[in-house]
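By numbering that gives the first Met the number 0, the letter at position 71 of the sequence shown is numbered 70, and the numbering carries on one by one without gaps.
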Amino acid sequence: MLRTFGDPVLRQRAAEVEELDGDLARLAETMVATMYEAIGLGLAAPQVGVLKRMYTYDVGDGPAVLVNPQIVDSHGEWTYDEGCLSIPDVHVEIVRPKVVTVQGIDLDGKEVVFEGDELMGRLIQHEIDHLDGVLMLDRLEADQRKAVLREMRRAQFDDAGAARVGARLDAGDNGRRL
Ligand code: NI
């Protein structure tokens, strides 16, 4: 089940994966299915309540898994209207490095290193943030974060609020959530 904003599991640091076993492979399968069902591009294990350093993704080249990912290099700056499967109906413009190099292992323990530009770079940074208990709202300036949280609270108690959040925040493509 997809964990959403307010769930304490999203605020904890996930542990390094020590063993690449059948359980981990099954977890990866479950995560890919959950990610597709929710129409997301990426999903980190804490988003399904598992505190392991792993995420799944698919930006159009088929599903893939990265275990114990680490950013080893980054440069540039890129603004993107970010969405998160754990924060429904909210999209916020966030500036982050444009290009990152990520290092990790696949489910067979083989080392993987690659560079992600723009959307892929953003996905890597967003998912690794999840593994550290960091949510995209934490990347906003304090004033902007307060405004977004206020709108989110309003939307919970008031049907019209959802529309307001939509109008103000949901400018992004719903199929591009991370
Ligand atoms: Ni997310």
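In this text, a Cβ means the ideal position worked out from N, Cα and C, and glycines have one as well.
As an exercise, report each continuous beta strand (DSSP E) stretch of at least 3 residues that is fully enclosed by the region 93–140, in chain order. 98–104 and 110–116
| task | Give every residue of the same chain whose Cβ lies closer than 8 angstroms to the Cβ of Q11, excluding the five residues on either side of it in the sequence, and list them in chain order. | result | If you number the sequence shown from 1, residue 11 lands on position 12. Within the same chain, Q11 has close Cβ partners P45, L50 and G132.
| field | Contacting residues, own chain, Cβ-Cβ under 6 angstroms from Y79 (five flanking each side not counted) | value | Stepping through the sequence shown from its first residue, residue 79 is reached at position 80. Taken in chain order, the residues that qualify are R121.
Q) Just to check, is the beta-carbon of L139 closer than 8 angstroms to a non-hydrogen atom of the ligand NI? A) Indexing the sequence shown from 1 puts residue 139 at position 140. Incorrect: L139 has no Cβ contact closer than 8 angstroms to the ligand NI.
What is the DSSP secondary structure of R12, reduced to helix, strand or coil?
Mapped onto the sequence shown, residue 12 falls at position 13. Coil.
* To do: Whole angstroms is fine: what's the gap from L130's alpha carbon to M151's?
  => Your numbering for residue 130 matches position 131 in the sequence shown. Your numbering for residue 151 matches position 152 in the sequence shown. Between L130 and M151, the C-alpha separation is close to 23 angstroms.
Next item on the list: Report the partner residues of Y54 according to the DSSP bridge assignment.
Entry: Indexing the sequence shown from 1 puts residue 54 at position 55. Beta-bridge pairing links Y54 to A43 and L65.
**Report entry** Cα-Cα separation, Q143 to T33
**Finding:** For the purposes of this step, residue 143 is taken as the residue at position 144 of the sequence shown. For the purposes of this step, residue 33 is taken as the residue at position 34 of the sequence shown. The straight-line gap from Cα to Cα measures roughly 30 angstroms.
Quick one: does the C-beta of M180 sit closer than 8 angstroms to a heavy atom of the ligand NI? Outside the displayed span of the chain (0 to 177) sits residue 180, for which this structure offers no information.
- [ ] Taking 9 angstroms as the cut-off, decide whether the C-beta atoms of P96 and G75 are in contact.
- [x] For the purposes of this step, residue 96 is taken as the residue at position 97 of the sequence shown. For the purposes of this step, residue 75 is taken as the residue at position 76 of the sequence shown. Closer than 9 angstroms, so yes.
For this session: Report yes if the C-beta of A154 is less than 8 angstroms from at least one heavy atom of the ligand NI; otherwise report no.
Result: Translated into positions along the sequence shown, residue 154 becomes position 155. No, Cβ of A154 sits at least 8 angstroms from all heavy atoms of the ligand NI.
Since S54 and A43 should fall inside the 8 angstroms C-beta cutoff, what is the C-beta to C-beta distance between them, to a whole number of angstroms? By one-based count along the sequence shown, residue 54 stands at place 55. By one-based count along the sequence shown, residue 43 stands at place 44. Checking the sequence shown, residue 54 turns out to be Tyr, not Ser. About 4 angstroms; that satisfies the 8 angstroms criterion.
Original post:
In or out: G115 buried (at least 16 other Cβ within 10 Å) or exposed?
Top reply: Counting from 1 along the sequence shown, the entry for residue 115 is found at position 116. G115 is buried by the Cβ-count criterion.
Residue environment, Y249, which counts as buried when at least 16 other CB atoms sit within 10 Å
The requested residue 249 is not part of the displayed model; the chain covers only 0 to 177.
According to DSSP, simplified to helix, strand and coil, what is D142? Against the sequence shown, residue 142 aligns to sequence position 143. Looking at D142 - three-state DSSP - the assignment turns out to be helix.
Looking only at its chain, what residues have a beta carbon closer than 8 angstroms to the beta carbon of L19, apart from the 5 residues adjacent to it on each side?
Mapped onto the sequence shown, residue 19 falls at position 20. Answer for L19: V66, I104, L106, D107 and G108, listed in chain order.
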